[in-house]
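Quick notes on the structure that follows.
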Amino acid sequence: MAAESETPIGDWLVLVSENYSPLDFMLVADNFDRFLWGAVVTLELTFLSLLIGGVLSIPMALARAYRHPIWNGPVWCYTYFFRGTPLLVQTYLLYFGLGQFEAVRESFLWGPILSNAWWCALIAFTLNTAAYTTEFLRGAIVTTPFGEVEAAKASGMSPATMVRRIVLPSAFRRALPAYSNEVIFMLHGSVIASTITLQDIMGVGRWLNGRYYLAFEGFVTAMIMYMILVFAITRGFKLWETHWLGHLRARTETLAKPAVKAAALPGASDFR
Amino acid sequence: MDAIYDYRQLLFDGTIVTIELAILSALLSILLGLIGAGAKLSKSRLLQGIAGAYTTLIRGVPDLVLMLLLFFGGQIMINNIGEATGLWDYVEISAFTAGVATIGFIFGAYMTETFRGAILAIPAGQIEAGKAYGMLNWQIFTRVIWPQMVRYALPSFTNNWLVLLKSTALVSVIGVSDLVYNAFGAGRSVRQLFTFMFAVLVIYLILTAISDAGLRWMDRKYSAGVRQA
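Just so you know, the protein sequences line up as chains A and B, in that order. The first sequence lines up with residues 4 to 275 when you count with my numbering. The second sequence lines up with residues 2 to 230 when you count with my numbering.
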């Protein structure tokens, strides 16, 4: 199945791969560029939605935490709705559902954005992650130590300055360990893009299996790639935590060897 | 809205399948979670390693990938083993079974962490006291560990259950006639996918609200006699 190669070693690899290896690794190698493009789609969708959703969640979290007279209610409804329903159905609603309305089909947004699977996935993922981020950011804002707020007031800060310089930085720090779970959840959730025709890592895996009528190769490759991404993200967050939360670490060990363990990630059970 | 009424039976049947699937996989995940927590807390390095690999694997791989791998690959693997050993004939894994197995397997890992944390929260002195009274291991488990473990585990269990319930939507991808699958078929045939997908979202919200209320009731029951600050 794999492409013909010129060197004897290549021939031998193809032979082994097709006849003796449990997985036809040469086939995966031949299509590896597709998987890399799939990884680009996955990462694009994951990180763009996290970025936009994160930015959207800040004002919403503030509205919830300070019980804004007008916005608290609507934001609560929004987060309840998006947190209580499956991401798959939210994505289907946007991608397959919107075409039901003639007004949408005739609007200027239909052609470039709303009939496009990539944009629909991005919008659905963004709305979903914004809802989750709003709620745990709200939790972090509400639990700001009162002394910090008092100190800010005593220094004569206006409410806006206090939020910008004291409350939010402190809340971001407390929310950071939980946020790594949100990032991993979003990466896991991005496989849903493959159900609306997009060629992300999972989409390529499904394509490969369908094209060559295989059961394992595409999915196993996808599985390994997702694992690598998750470990990279976990590692990145650990570094970020040691950087941001360094001053909160317990100083139990000698100065030469900083105690990194104190800022360890929460277990898998904290995952939503 | 008329279309929803016309297809109410299909939506109802789908909802029942979704609930069945969620409950069966939750039971499987509780079982795996107890075994996993036992392995993580055991003294054996090997068991700790296996349980650690299990939870790490699940954290690393998206649910849909595992589900498709199990649905398409698991069947071939089981039949290859059957053929090689001659122990069983051709087995066909239904989509429903694959769905329950995958979701149960995935949430078993989260339950492992939940139960491990809950068991660690029980003061060791109580387990020692049980031993001192000459209780057998299973007696210590059913009389000392379990009643308290449930209480400590409930908040995280609630969380896991709600995520699990939502994850069941994925089984529609492998063709189980659950709520999403049925609603999608109905919505497509009457060209009202928005209406039907919205109905699905509302049904999921109702299910989440009911389970929230149920688990709150359980929390009150298991926290009876605990002073709350």
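Heads up, the beta-carbon is just placed ideally off N, CA and C, and yes, glycines get one too.
Using a cut-off of 7 angstroms between C-beta atoms, extract the partners of B:Ala170 located in chain A.
B:Ala170 reaches chain A at Pro89, Leu91, Val92, counting residues in chain order whose Cβ is nearer than 7 angstroms.
Whether or not the region 94-106 of chain A and the region 22-40 of chain A are in contact is what I'm after, with contact meaning three or more pairs of Cβ atoms, one per stretch, closer than 8 angstroms; do they touch?
no
Beta-carbon proximity of A:Gly100 to B:Met219, cut-off 8 angstroms
no
Between B:Ile141 and A:Val145, what straight-line distance do the alpha-carbon atoms span, to the nearest angstrom?
40 angstroms
Return the CA-CA distance between A:Val44 and A:Ala225, expressed in angstroms with no decimal places.
For A:Val44 and A:Ala225, the distance between alpha carbons rounds to 13 angstroms.
Listed from N- to C-terminal order along the chain, which residues in the region 197-212 of chain A have their beta-carbon within a distance smaller than 9 angstroms of any beta-carbon of chain B?
Ser197, Thr198, Ile204, Met205, Gly208, Arg209, Asn212
DSSP three-state call for B:Ser212: helix, strand or coil?
helix
Got a sec: does the ligand NAD put a non-hydrogen atom nearer than 7 angstroms to the Cβ of B:Val18?
The ligand NAD is not part of the structure shown, which contains no ligands of any sort.
A:Leu54 by DSSP, collapsed to three states: which one?
Of the three classes helix, strand and coil, the one that applies to A:Leu54 here is helix, per DSSP.
Answer yes if the region 59-66 of chain B comes into contact with the region 191-206 of chain A, meaning at least three C-beta pairs across the two stretches below 8 angstroms, and no otherwise.
yes
Residues of chain A with CB under 8 angstroms from B:Pro127, in chain order?
Reading off the sequence shown, one finds Gln at residue 127 of chain B, where the question assumed Pro. At a C-beta separation below 8 angstroms, B:Gln127 has no neighbours in chain A, since its nearest C-beta there lies roughly 22 angstroms away.
Write down the C-beta distance between B:Phe72 and B:Ala96 rounded to the nearest angstrom, noting that I regard them as a contact closer than 8 angstroms.
7 angstroms
Classify A:Thr164: buried if its beta carbon has 16 or more other beta carbons within 10 angstroms, exposed otherwise.
exposed
Where A:Phe274 sits in the DSSP three-state scheme
Confidence is the limiting factor: at A:Phe274 the pLDDT is only 43, short of 50, which leaves the residue's position unreliable, though a coordinate-based value still follows. DSSP places A:Phe274 in coil when its eight states are reduced to three.
Taking the alpha carbon of B:Thr56 as the point to measure from, which residue in B:Thr115, B:Ile120, B:Leu121, B:Ile94 has its own alpha carbon closest?
B:Thr115
Can you tell me whether B:Val92 is buried or exposed, with buried defined as 16 or more other CB within 10 angstroms of its CB?
Label assigned to B:Val92: exposed.
Would A:Asn212 pass as a contact of A:Gly206 if the rule is Cβ separation under 8 angstroms?
No; because the gap between Cβ atoms is not below 8 angstroms, this pair is not in contact.
Neighbour flag for B:Pro148 against chain A, beta carbons, 8 angstroms
no
Is there a C-beta anywhere in chain B that falls below 8 angstroms from the one on A:Phe274?
A caution first: A:Phe274 carries a pLDDT of 43, below 50, which makes its placement in the model unreliable, though a value can still be read off. A:Phe274 counts as touching chain B.
For B:Val18 and B:Ala27, what's the separation of their Cα atoms in angstroms?
14 angstroms
Specify the secondary structure class of A:Asn75 as computed by DSSP and reduced to three states.
helix
Measure from the C-beta of B:Lys167 to each C-beta in chain A and report whether the shortest distance is under 8 angstroms.
yes
Mind checking whether B:Gly50 and B:Asp179 have CB atoms under 8 angstroms apart?
no
Output the residue ranges of the alpha helix (DSSP H) runs that lie fully inside the region 136-221 of chain A and measure 4 residues or longer, sorted by chain position.
List check, alpha helix (DSSP H) in window: 149-157, 162-165, 171-192, 204-215.
Whole-angstrom distance between B:Ala184 and B:Leu11, CA atom to CA atom
If you take the alpha carbons of B:Leu11 and B:Ala184, they lie about 8 angstroms apart.
With 16 other CB atoms within 10 Å as the buried threshold, where does A:Gly56 fall?
buried
Members of the region 63-85 of chain B that neighbour chain A once the beta carbon cut-off is set at 7 angstroms:
Pro63, Asp64, Leu65, Val66, Leu69, Leu70, Phe73, Gly74, Ile77
Which same chain residues end up closer than 7 angstroms to A:Trp74 when comparing Cβ atoms and leaving out the 5 residues on each side of it in sequence?
The beta carbon of A:Trp74 sits closer than 7 angstroms to the beta carbons of Ala66 from its chain, once the five residues preceding and following it are set aside; these are given in chain order.
Between B:Leu22 and B:Thr169, how many whole angstroms is the CB-CB distance? I'm expecting something under 8 angstroms.
5 angstroms
Cβ neighbours of B:Gly126 in the same chain (closer than 6 angstroms, five flanking residues each side left out):
none
Determine, for B:Met198, whether the minimum Cβ-Cβ distance to residues of chain A falls below 8 angstroms.
yes
Going along the chain, which residues of its own chain have a beta-carbon closer than 7 angstroms to the beta-carbon of B:Leu166, five neighbours each way excluded?
Ala23, Leu208, Thr209, Ser212
Residue range of the alpha helix (DSSP H) that A:Ile12 falls in?
11-22 is the extent of the alpha helix (DSSP H) around A:Ile12.
For A:Met1 versus A:Ile204, is the C-beta distance shorter than 8 angstroms?
No answer is possible for residue 1 of chain A: the residues shown for chain A start at 4 and end at 275.
Which residues in the same chain have their Cβ closer than 7 angstroms to the Cβ of B:Leu35, if we skip the five residues on either side of it in sequence?
Phe116
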